[in-house]
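One structure is given here, and the rest of the page talks about it.
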Amino acid sequence: SSIFAAVEMAPRDPILGLNEAFNADARTTKVNLGVGVYFDDNGKIPLLAAVKAAEETRVKAGLPRGYQPIEGNPAYNSAVQQLLLGKDSALIANGQVITAQALGGTGALKIGADYLKRLNPDAKVYISDPSWENHRALFESAGFVVENYPYYDAATRGVNFDGMKACLKGLNAGSIIVLHACCHNPTGADLNDAQWGEVVAICQERGLVPFLDMAYQGFADGIDADAVAVRAFSASGLQFFASSSFSKNFSLYGERVGALSIVTAGKDESARVLSQVKRVIRTNYSNPPTHGGALVAGVLASAELRAQWEAELAGMRDRIRAMRTGLVDAIKATGCAQDFSFVAQQRGMFSYTGLSAAQVEVMREEFGIYAVSTGRICLAALNTKNLDYVAKAIAAVIK
Ligand code: PLP
Numbered sequence: 003s004s005i006f007a008a009v010e011m012a013p014r015d016p017i018l019g020l021n022e023a024f025n026a027d028a029r030t031t032k033v034n035l036g037v038g039v040y041f042d043d044n045g046k047i048p049l050l051a052a053v054k055a056a057e058e059t060r061v062k063a064g065l066p067r068g069y070q071p072i073e074g075n076p077a078y079n080s081a082v083q084q085l086l087l088g089k090d091s092a093l094i095a096n097g098q099v100i101t102a103q104a105l106g107g108t109g110a111l112k113i114g115a116d117y118l119k120r121l122n123p124d125a126k127v128y129i130s131d132p133s134w135e136n137h138r139a140l141f142e143s144a145g146f147v148v149e150n151y152p153y154y155d156a157a158t159r160g161v162n163f164d165g166m167k168a169c170l171k172g173l174n175a176g177s178i179i180v181l182h183a184c185c186h187n188p189t190g191a192d193l194n195d196a197q198w199g200e201v202v203a204i205c206q207e208r209g210l211v212p213f214l215d216m217a218y219q220g221f222a223d224g225i226d227a228d229a230v231a232v233r234a235f236s237a238s239g240l241q242f243f244a245s246s247s248f249s250k251n252f253s254l255y256g257e258r259v260g261a262l263s264i265v266t267a268g269k270d271e272s273a274r275v276l277s278q279v280k281r282v283i284r285t286n287y288s289n290p291p292t293h294g295g296a297l298v299a300g301v302l303a304s305a306e307l308r309a310q311w312e313a314e315l316a317g318m319r320d321r322i323r324a325m326r327t328g329l330v331d332a333i334k335a336t337g338c339a340q341d342f343s344f345v346a347q348q349r350g351m352f353s354y355t356g357l358s359a360a361q362v363e364v365m366r367e368e369f370g371i372y373a374v375s376t377g378r379i380c381l382a383a384l385n386t387k388n389l390d391y392v393a394k395a396i397a398a399v400i401k
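Set out below in structure tokens:
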């Protein structure tokens, strides 16, 4: 018999499964609020003008396609460090930061998880409740036991900060804490600056190992403003991990552009840690692809393209904000009694709407509007054409 005869079918990815159902839906009014992708007002994934310009320059240069270093493009890695830590960062100047180009934010988390497993095999990993659905699977696949720390408070639609703090204060030294640096996925609820300060202090007191996941830098308030958590950790003297993704803020999803950065206690440690991270990469995929990283490096190295990118990023951020307030107003305009103003307070691409799984199902069946069964919707899939339709559907299902 076949060596695969006993293989069971793995469960379907919940969000990709939603896409398949959406694509098969024949209704012209259908709307997909499930997937975490930024669409423009015409419902298209944008190709940013700054990226296009960097790409044209690169194509014209007609470069050969040699291997990259194991840790990737040095110009790219240095640009990533500056985005995360600020261009005047003392940690960068001191050689306390190492960065490896990675295959998206996911790839960065995976390299970081594999390296942490070698560094501290007995540590437990703690992720927010709820979290991006891949966090648990990624760290479990690296061999860790993964548990939740309290995060979302459905009653206030904000963060259960007391619950979160109490949990973190009780963890063993060396525990790995995965934190969403900004624009929490899936809830849209972030910590404020003072709360970040408290989290940093707890990590210091308890000897916890922070792993900051930065997948939406620039989608809440701006490039530097969205790095407050990273900057708070960088000022603390702690060692920490950070993953960056440029899928959303450069609209480069399929190019798989991300990076793992690690802050160490000093230059000598950095060299040793990098040498170990390189071993992890070498035995996974040897070295990263060139194209996406070169585009990001090209944009960030040119003052003109960087300004253009920042303006385009601000445009995406402002459009999402307009959709947030637009949705709140449009739901109100239906005469709906429930107050949705919290949607305008949440940050990033997502909102936990508070819709139940049953209500999400009615939205799909009756209106062709697809959302995740947890009630998470992607605001960046709303536009001026579908906003009223979605608002009316939400008002109808919560009656
Ligand atoms: N981390 C979070 C919190 C995310 O929401 C995402 C993407 O949705 C990622 C990481 C992964 O990003 P990438 O697509 O670059 O792998």
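Add 2 to a position in the sequence shown, counting from 1, and you land on the number used in UniProt numbering. From the three backbone atoms N, C-alpha and C, an ideal C-beta is built for every residue, glycine too.
Beta-bridge pairing of residue i - partner residues as DSSP gives them
i	result
Cys-380	Phe-352
Ala-244	Leu-214, Ser-263
Asp-160	Correcting the residue type first, residue 160 is Gly in the shown sequence and not Asp. BP columns for Gly-160 point to Asp-155.
residue 451	Nothing about residue 451 can be reported from this structure: the residues present for the chain run from 3 to 401 only.
Ile-371	Val-33
Val-99	Val-265
Sub-8 angstroms separation of residue i and residue j beta-carbons
i	j	result
Phe-213	Val-180	yes
Val-99	Ser-246	no
Ala-125	Ala-144	no
Leu-86	Ala-229	yes
Ile-178	Leu-118	yes
residue 409	Thr-31	Nothing can be reported for residue 409, as the shown portion of the chain is limited to 3 through 401.
Met-351	Ile-322	yes
Glu-314	Ala-52	yes
Leu-240	Gln-206	yes
Val-301	Val-259	no
Pro-188	Pro-132	yes
Asn-289	Gly-74	yes
Gly-176	Val-202	no
Ala-296	Arg-60	yes
Val-48	Ser-253	What sits at residue 48 in the sequence shown is Pro, not Val. Their beta carbons are under 8 angstroms apart, which means Pro-48 touches Ser-253 by this criterion.
Leu-384	Leu-329	yes
Ile-264	Phe-243	yes
Simplified DSSP assignment, three categories, for residue i
i	result
Asn-150	strand
Asn-34	strand
Gly-45	coil
Gly-260	strand
Gln-83	helix
Val-9	coil
Pro-290	coil
Ala-104	strand
His-182	strand
Val-39	coil
Tyr-69	coil
Asp-223	coil
Ala-299	helix
Gly-328	helix
Gly-283	As written in the sequence, residue 283 is Ile, which differs from the Gly given in the question. DSSP places Ile-283 in helix when its eight states are reduced to three.
Leu-193	coil
Thr-59	helix
Ile-333	helix
Gly-165	helix
Lys-171	helix
Gly-109	helix
Cys-205	helix
Contacts around residue i, its chain only, beta-carbon distance under 8 angstroms, and the 5 residues preceding and following it disregarded
i	result
Ile-113	Ala-102, Ala-104, Leu-262, Val-279, Val-282, Ile-283, Asn-286
Pro-71	Asn-289
Lys-269	Asn-96, Gly-97, Gln-98
Trp-134	His-182, Asn-187, Pro-188, Asp-215, Ala-217
Cβ-based burial, residue i [other Cβ within 10 Å; buried from 16]
i	result
Gly-294	buried
Val-9	exposed
Pro-16	exposed
Ser-249	buried
Ala-231	buried
Met-216	buried
Leu-381	buried
Tyr-154	buried
Ser-4	exposed
Ala-139	exposed
Leu-65	exposed
Other residues of its chain near residue i: CB distance less than 6 angstroms, five sequence neighbours each side excluded
i	result
Phe-344	Arg-159
Arg-349	Cys-185, Gly-190, Asp-192, Ala-222
Ile-379	Leu-35, Ser-353, Thr-355, Ala-373
Beta-carbon proximity list for residue i, same chain, < 7 angstroms, skipping 5 on both sides
i	result
Ala-397	Ile-333, Thr-336, Cys-338
Gly-199	Ala-234
His-182	Ser-130, Asp-215
Glu-22	none
Thr-386	Asp-43
Arg-29	Gly-370
Gln-310	Ala-51, Ala-52
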